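Novice:
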Amino acid sequence: MKALVLEEYNKLVYKDVPDPVIGPDEVLVKVMACGICGSDIHGLDGSTGRRIPPLIMGHEASGVIISTGVNVRTWEKGDRVTFDSTVYRLDDWYTRKGHYNISDNREVLGVSPGTYRRNGAFAEYVAIPQHILYRIPENVTFEQAAMVEAAAVALHAINVSGIRPGDSCALVGAGMIGIFIVKLLRISGASSVIAIDIDEKHLLKAEQAGADFTFQASEAGLPEKIKEKTAGRGPDIVFEAVGKNESVNLAIEIVRRGGTVALVGNTTPSVNFPLQKAVTGELKILGSCAICGEYEAILDYMKMGKLSVEDQVSAVAPLSEGARWFERLYSREEDLGKVILRP
Ligand SMILES: [Zn+2]
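Note that my numbering numbers the sequence shown so that position 176 is 176, with each residue one more than the last.
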């Protein structure tokens, strides 16, 4: 089959590789669409240590089953599917507790951090364990289904936050995940949504996605302005989708006493932490990692027309041109949004 292979750091080659061989509990999926994730772009140069070559990257994908392993009963050839980016074990303590996203020995498709190597979906075919498959509704396209992963990360953060109808919310960092957080907060019962970013274009997108108020992160007197919009207290819940010192501290600064900060971004490994504000304000500071079962809900929202994802897709291109698109995304020559590759 043809695949886009990371042969060495900063060197992507579109070439022939052997077809994947499926195990008894796996299916072979003919890939129809696979999105380029920010983590793939950052992984390209070796800086994250999670894409050790040689590797076929790609974990935001959709396709059609073309063959099934001997133990597979509920899936058959021709089924349109998307799948979790995490390959988790079913006999794990965390999985049994309902937390497969933080389970032991889990692997991520298209990732090789040194302890394992799991080829992903920038290829014609990919082998997928049956227990991570999800059926794509008829009225959802393969390109839309390739966006489910990103939207599900946002929904997981919302679930982690423990939001209740009527809660006021704010978002710091209106990138891809942030925009999905805004959209999904609108259907999760938030009374109001404030979006904060340093980029005007992001703020405009947040507004289009349903944010009630948007603010420049550098704006003078920002915490006071946010209090004004939230009954003088600050938001009940703040989502942080950047993961840098300034943005995390801003999120903790603006949340009301007793409120919740849900941390999704993790651009940097550590930040300064305002201990006294967190302790004396009895803040709930929660981490949100990847996805834990939110695929089905996102596919339902798409099917019912409640969640649009197309506006986040900037280009659909052939996989053979993948290296060039990676280059453009890596050099950040423009704010491209999501690029989807088709084998
Ligand atoms: Zn991703």
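Glycine included, C-beta positions come from ideal geometry on N, C-alpha and C. None of the values given here were measured: they were computed from a predicted structure.
(1) Out of Leu250, Gln208 and Arg233, state which residue places its alpha-carbon closest to the alpha-carbon of Ala241.
(2) Secondary structure at Thr74, three-state DSSP: helix, strand or coil?
(3) Assign Arg80 to one of two classes, buried (16 or more other C-beta atoms within 10 Å of its C-beta) or exposed (fewer than that).
(4) Just curious, the alpha helix (DSSP H) that Glu7 is in, first and last residue?
(5) Near Ile177, which residues of its chain fall below 7 angstroms by C-beta distance, leaving aside the five closest residues on each side in sequence?
(6) Less than 7 angstroms separating the Cβ of Ser85 from some heavy atom of ligand 1?
(7) Which residues in the same chain have their Cβ closer than 6 angstroms to the Cβ of Ala174, if we skip the five residues on either side of it in sequence?
(8) Nearest to Asp199 by alpha carbon, out of Ser218, Lys284, Ile187 and Asn139?
(9) Does any CB atom of chain D fall closer than 8 angstroms to the CB of Val238?
(10) Ordered along the chain, which non-local residues of its own chain (more than five positions away) have a Cβ less than 7 angstroms from that of Glu107?
(11) Can you find the residues in the same chain that come closer than 6 angstroms, C-beta to C-beta, to Tyr9, ignoring five residues on each side of it along the sequence?
(12) Verify the contact flag: His59, CB atom, against every heavy atom of ligand 1, threshold strictly below 7 angstroms.
(13) How would you call Glu60, buried or exposed, if buried means at least 16 neighbouring beta carbons within 10 angstroms?
(14) If you draw a straight line from the C-alpha of Asp16 to the C-alpha of Pro137, how long is it?
(15) Return yes when at least one heavy atom of ligand 1 lies under 7 angstroms from the C-beta of Ser192, else no.
(16) Assuming Trp75 and Leu28 make a contact with CB atoms under 8 angstroms, what is their CB distance in whole Å?
(17) Tell me the rounded alpha-carbon separation between Leu90 and Gly58.
(18) For ligand 1, any of its heavy atoms closer than 7 angstroms to the Cβ of Cys34?
(19) Val148 to Gly63, Cα distance in whole Å?
(20) On the criterion of 16 or more Cβ atoms from any shown chain inside 10 Å, does Ala231 qualify as buried, or is it exposed?
(21) Is it the case that the Cβ atoms of Leu55 and Leu6 are separated by a distance below 8 angstroms?
(22) Cβ of Glu207 versus every heavy atom of ligand 1: is any distance shorter than 7 angstroms?
(23) Mark Glu296 as exposed unless 16 or more other C-beta atoms lie within 10 angstroms of its C-beta, in which case mark it buried.
(24) DSSP on Val17, reduced to helix/strand/coil?
(25) Kindly indicate the opening and closing residues of the beta strand (DSSP E) around Leu133.
(26) Could you please give the first and the last residue of the uninterrupted alpha helix (DSSP H) stretch that includes Tyr301?
(27) Residues in its own chain within less than 6 angstroms of Ala211 by CB, not counting five upstream and five downstream?
(28) Arg96 to Ser331, Cα distance in whole Å?
(29) Counting along the chain, where does the beta strand (DSSP E) carrying Ile252 start and finish?
(30) Tell me the residue span of the alpha helix (DSSP H) that contains Met176.
(31) Out of Lys306, Ile41 and Glu246, which one is the CA nearest neighbour of Val271?
(32) Tyr116 lies in the beta strand (DSSP E); which residues open and close that run?
(33) Is there at least one non-hydrogen atom of ligand 1 closer than 7 angstroms to the beta-carbon of Ser314?
(34) Just confirm the distance between the C-beta atoms of Val126 and Val31, as a whole number of angstroms; I'd bet it's less than 8 angstroms.
Specialist: Here's the rundown:
(1) Against the sequence shown, residue 241 aligns to sequence position 241. Closest by alpha carbon: Leu250.
(2) As a working note, residue 74 is residue 74 in the sequence shown. If DSSP states are grouped into helix, strand and coil, Thr74 belongs with coil.
(3) For the purposes of this step, residue 80 is taken as residue 80 along the sequence shown, with counting starting at 1. Here Arg80 is buried. Its C-beta has 16 or more other C-beta atoms within 10 Å.
(4) Taking the sequence shown and counting its residues from 1, the one referred to as residue 7 is at position 7. Segment Lys2 to Glu8 is the beta strand (DSSP E) holding Glu7; no alpha helix (DSSP H) there.
(5) If you number the sequence shown from 1, residue 177 lands on position 177. Here the set comprises Ala150, Val153, Ala154, Ala241 and Val264.
(6) Residue numbering aside, residue 85 sits at position 85 when the sequence shown is read from its first letter. True, at least one ligand heavy atom lies under 7 angstroms from that Cβ.
(7) Your numbering for residue 174 matches position 174 in the sequence shown. Result list for Ala174: Ala195, Asp197, His202 and Ala206, in chain order.
(8) By one-based count along the sequence shown, residue 199 stands at place 199. Taking the Cα of Asp199 as reference, the smallest distance to any Cα among Ser218, Lys284, Ile187 and Asn139 is reached at Ser218.
(9) Although the question refers to chain D, the structure presented lacks it and comprises just one protein chain.
(10) As a first step, residue 107 is located in the sequence shown; it is residue number 107 there, counting from the start. Apart from sequence neighbours up to five positions away, the residues of its chain that approach Glu107 with a beta-carbon distance below 7 angstroms are Val87, Tyr116 and Arg118, ordered along the chain.
(11) For the purposes of this step, residue 9 is taken as residue 9 along the sequence shown, with counting starting at 1. Excluding positions up to five away in sequence, the list reads Asp45 and Gly46.
(12) Position 59 of the sequence shown, counted from the start, is the residue given in the question as residue 59. Yes, the Cβ of His59 comes within 7 angstroms of a heavy atom of ligand 1.
(13) As a first step, residue 60 must be located in the sequence shown, where it is residue number 60. Glu60 should be labelled buried.
(14) Counted from its first residue, the sequence shown places residue 16 at position 16. Counted from its first residue, the sequence shown places residue 137 at position 137. In a straight line, the C-alpha of Asp16 is about 32 angstroms away from that of Pro137.
(15) Here residue 192 is taken as the residue at index 192 of the sequence shown, counted from 1. The answer is no for Ser192.
(16) Here residue 75 refers to the residue found at position 75 of the sequence shown. Here residue 28 refers to the residue found at position 28 of the sequence shown. Here Trp75 is actually not in contact with Leu28; their C-beta atoms are around 11 angstroms apart, not less than 8 angstroms.
(17) Along the sequence shown, read from residue 1 onward, the residue named residue 90 stands at position 90. Along the sequence shown, read from residue 1 onward, the residue named residue 58 stands at position 58. About 23 angstroms.
(18) Locating residue 34 in the sequence shown gives position 34, where the first residue counts as 1. False, no ligand heavy atom lies under 7 angstroms from that Cβ.
(19) Translated into positions along the sequence shown, residue 148 becomes position 148. Translated into positions along the sequence shown, residue 63 becomes position 63. Their Cα atoms are separated by approximately 13 angstroms.
(20) By one-based count along the sequence shown, residue 231 stands at place 231. By the 16-neighbour rule on beta-carbons within 10 angstroms, Ala231 is exposed.
(21) Against the sequence shown, residue 55 aligns to sequence position 55. Against the sequence shown, residue 6 aligns to sequence position 6. Against a cut-off of 8 angstroms, the Cβ pair of Leu6 and Leu55 comes out as a contact.
(22) Position 207 of the sequence shown, counting from 1, holds the residue named residue 207. For ligand 1, not one heavy atom lies less than 7 angstroms from the Cβ of Glu207.
(23) Position 296 of the sequence shown, counted from the first residue, corresponds to residue 296. By the beta-carbon neighbour count (other beta carbons within 10 angstroms, threshold 16), Glu296 is exposed.
(24) Your numbering for residue 17 matches position 17 in the sequence shown. Shown here, Val17 sits in coil according to DSSP, grouped into three states, outside any helix or strand.
(25) Along the sequence shown, read from residue 1 onward, the residue named residue 133 stands at position 133. First-last of the beta strand (DSSP E) with Leu133: Leu133 to Arg135.
(26) Here residue 301 corresponds to residue number 301 of the sequence shown, with the count starting at 1. It spans Tyr295 to Lys303 - the alpha helix (DSSP H) in which Tyr301 sits, taken as one unbroken run.
(27) What you label residue 211 is simply residue 211 of the sequence shown in a count that begins at 1. Contacts found: Val182, Val193 and Ala195.
(28) Position 96 of the sequence shown, counting from 1, holds the residue named residue 96. Position 331 of the sequence shown, counting from 1, holds the residue named residue 331. Straight-line measurement puts the Cα of Ser331 at about 42 angstroms from the Cα of Arg96.
(29) One-based indexing of the sequence shown puts residue 252 at position 252. First-last for Ile252: Asn245 to Ile254, but that is the alpha helix (DSSP H), not the beta strand (DSSP E).
(30) Numbered from its first residue, the sequence shown carries residue 176 at position 176. Run containing Met176: Met176 to Arg186, per the alpha helix (DSSP H) assignment.
(31) By 1-based counting over the sequence shown, the position of residue 271 is 271. Per the Cα distances, Glu246.
(32) One-based indexing of the sequence shown puts residue 116 at position 116. Secondary structure note for Tyr116: it is in no beta strand (DSSP E), with a DSSP letter that is neither H nor E.
(33) Taking the first residue of the sequence shown as 1, we reach residue 314 at position 314. Checking every heavy atom of ligand 1 against the Cβ of Ser314, none is found closer than 7 angstroms.
(34) Residue mapping note: residue 126 aligns to position 126 of the sequence shown, counting from 1. Residue mapping note: residue 31 aligns to position 31 of the sequence shown, counting from 1. About 6 angstroms separates the beta carbon of Val126 from that of Val31, a gap short enough to meet the 8 angstroms contact definition.
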